[in-house]
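Step one of this worksheet: look at the structure below.
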Amino acid sequence: MTEFYSSTLRKTMRAYFVQHPKGPFTRVELTRPTPGFGQVLVRVHASGVNPLDTKIRAGKAAHAKQPLPAVLGLDMAGVVEELGPDVTAFHLGDEVYGMVGGVGGLQGTMAEYVVANADLLALKPNSLSMCEAAVLPLIAITAWEGIVDRAKVHRGQKVLVHAGAGGVGHIAVQLAKAFGVEVFATVSPNRLGIAESLGATPIDYRSLSPEQYVTLCSAGEGFDVVYDTVGGATIDASFIAVKR
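To convert, count from 1 in the sequence shown and add 1426; that's our numbering.
Below is the structure:
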């Protein structure tokens, strides 16, 4: 038999509501949610904001729709305040993070509390602040899918990450490095040091053409994997840069 644990909490919570596409965030008082089977109530300490969040708010995210009015927000970090039945992976007071809501009618993370499926949470590393952990889930999932699940990078390869100092890009660089890959990253001139600090060889895409940095970095052979986080004209550069 699994016991139901709870802490003494207020019946309401503060949240930020968006009434219509591109609408302002309005602070409201809502009924505090209650966790069900397999769920956890988390007191939100920090909520991440991604480009996808802005698209959802604008009503332009066809693949991640959130009917408005709603509380938005995908990512968060916080502290476990209440456990639903059958939850054994977490305890009251655990610091956790995850991508837990904000789409498909689920309450988002721009609120004082959010109910999350326990399977979508992980314990927050002690080395990360709440703010640092709150910005990780979506970008880490995106980088992992490309670098690990799809490209299956491995030692001995050369990998190019476009916008390697950006949100998804800087995680993709670190993941590739963790798999023993030689990593290169296109960045703007003021971010060369960031890419280098993450273990990548920085490429100033404004001063070097794709043909030039392919010659410089791969002896003209091209990169085994190109991870494009930009799109548009950068896709054309990616086809020039990738090994045939």
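Even for Gly, the Cβ is constructed at its ideal location relative to N, Cα and C.
- Going by DSSP, phenylalanine 1665 is part of the alpha helix (DSSP H) stretching over 1659-1667.
- Listed in chain order, the beta strand (DSSP E) elements of length 3 or more contained wholly in the region 1451-1481 are 1451-1457, 1465-1473.
- Across the set Leu1601, Ala1589, Glu1647, Val1609, the C-alpha of Ala1589 shows the shortest separation from the C-alpha of alanine 1659.
- Glycine 1524 is classed as buried because its beta carbon has at least 16 other beta carbons within 10 Å across all chains shown.
- If you keep only unbroken beta strand (DSSP E) runs of at least 3 residues inside the region 1548-1608, you get 1584-1588.
- From the listed residues Gly1530, Leu1518, Val1651, Arg1670, the smallest Cα separation to alanine 1488 is found for Gly1530.
- Going by beta carbons, alanine 1667 and leucine 1554 fall outside the 8 Å limit.
- Distance check between glutamate 1507 and each of Ser1623, Leu1500, Gly1519 places Gly1519 closest, using alpha-carbon atoms only.
- Between the alpha carbons of serine 1644 and glutamate 1455 lies a distance of about 57 Å.
- With 16 or more other Cβ atoms inside 10 Å of its own Cβ, aspartate 1501 counts as buried.
- Valine 1475 and valine 1444 have their C-alpha atoms some 15 Å from each other.
- In the three-state reduction of the DSSP assignment, valine 1640 falls in the helix class, which pools H, G and I.
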